[in-house]
Amino acid sequence: MVGAALYGAITVGGRVFAQLGFSLLEIAITGGLFGALMLAPVLVWRRDLRIRRRDAGIFIAFGAMGAVLQIGQFLGIVLGVPVAIVALLLYTQPLWTVVLGRLWLGEPITRRKLGALALAAVGIVILVGPTDSAQEYSVLGLAGALVAGVMLAVWIILGRMSALRGNHPITTTFGYQASTTLGLLALWPVLATWPIFAGMSRLDPAVFVTNWQAVLVYT
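Just so it is clear: in the sequence shown, position 2 is 35 by our numbering, and no numbers are missing.
Okay, here's the thing in structure tokens:
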């Protein structure tokens, strides 16, 4: 529950960064970049926490998924979708986690899970009001948050797979943050060529220096 609360605060932090003048890419890369830099000394000190070659596939997948997750969850915020709606769309994640857990890990789907998921889905539809939201807010922003919800489910599944391979939570966290940062850097030139993202793909180190206190708290 603490983890969920802290993750929910990420969307609020995204809104704060947007108000401070951060671009979409700068917001998306902040947590992973500075989180990885903070954990790197731990992995230098503890060899047993370093990423093993056999797990490269998991962390490559983490990077691809993480880049889409970060862009998607902050796209709605940058485009003016309320934080509450973005958060609710992100938390369609349990629906996708159950499905992906069944497909990738063979986890059973019980009647209790189905009932809980049905109630959650109905609650999200009622709270978000998809018809009104689509008319009032950016469809691209809403779609981005929904895609991020799917990617969040993939994140949980990949984290579970990493744990099953015996990786320490610090290893998994660092691997996710570092690979996501690399994934976003790989996307940077691609985003700049898309007209809809061209104005959101600035990556200026000065913005992190100027707002270092906010970056530190967020990280």
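Glycine included, C-beta positions come from ideal geometry on N, C-alpha and C.
Which stretch, first to last residue, makes up the alpha helix (DSSP H) that contains residue i?
i: Y209; result: 202-226
i: P141; result: Run containing P141: none; DSSP gives neither H nor E here.
i: T130; result: 126-133
i: V123; result: Looking at the sequence provided, one finds Leu at residue 123 rather than Val. Run containing L123: 116-123, per the alpha helix (DSSP H) assignment.
i: L249; result: 245-251
Mapping the DSSP letters down to three states, classify residue i as helix, strand or coil.
i: R198; result: coil
i: T63; result: helix
i: Y170; result: coil
i: G54; result: coil
i: G177; result: helix
i: G182; result: helix
i: R235; result: coil
i: V45; result: helix
i: G113; result: coil
i: M34; result: The predicted position of M34 is uncertain, since its pLDDT is 49 and thus under 50; a value taken from the coordinates is nonetheless stated next. Of the three classes helix, strand and coil, the one that applies to M34 here is coil, per DSSP.
Which term fits residue i, buried or exposed, when burial requires 16 or more other beta carbons within 10 angstroms of its beta carbon?
i: V254; result: Since the first and last residues shown for the chain are 34 and 252, residue 254 lies out of range.
i: V183; result: buried
i: V240; result: buried
i: M34; result: Summary for M34: the model assigns pLDDT 49, below 50, so the residue's position carries little reliability, and this model does not support an answer.
i: W245; result: exposed
i: W188; result: buried
i: V242; result: exposed
i: A73; result: exposed
Am I right that residue i and residue j are in contact with their C-beta atoms under 8 angstroms? What's the rounded C-beta distance?
i: L175; j: V116; result: Not quite, the Cβ-Cβ distance comes to about 13 angstroms (not below 8 angstroms), so this is no contact.
i: G192; j: T204; result: So it is not a contact: roughly 11 angstroms between Cβ atoms.
i: G177; j: G105; result: 4 angstroms
i: T130; j: I190; result: 7 angstroms
Quiz prompt | alpha helix (DSSP H) runs contained entirely in the region 72-104, provided each spans 4 or more residues | solution = none
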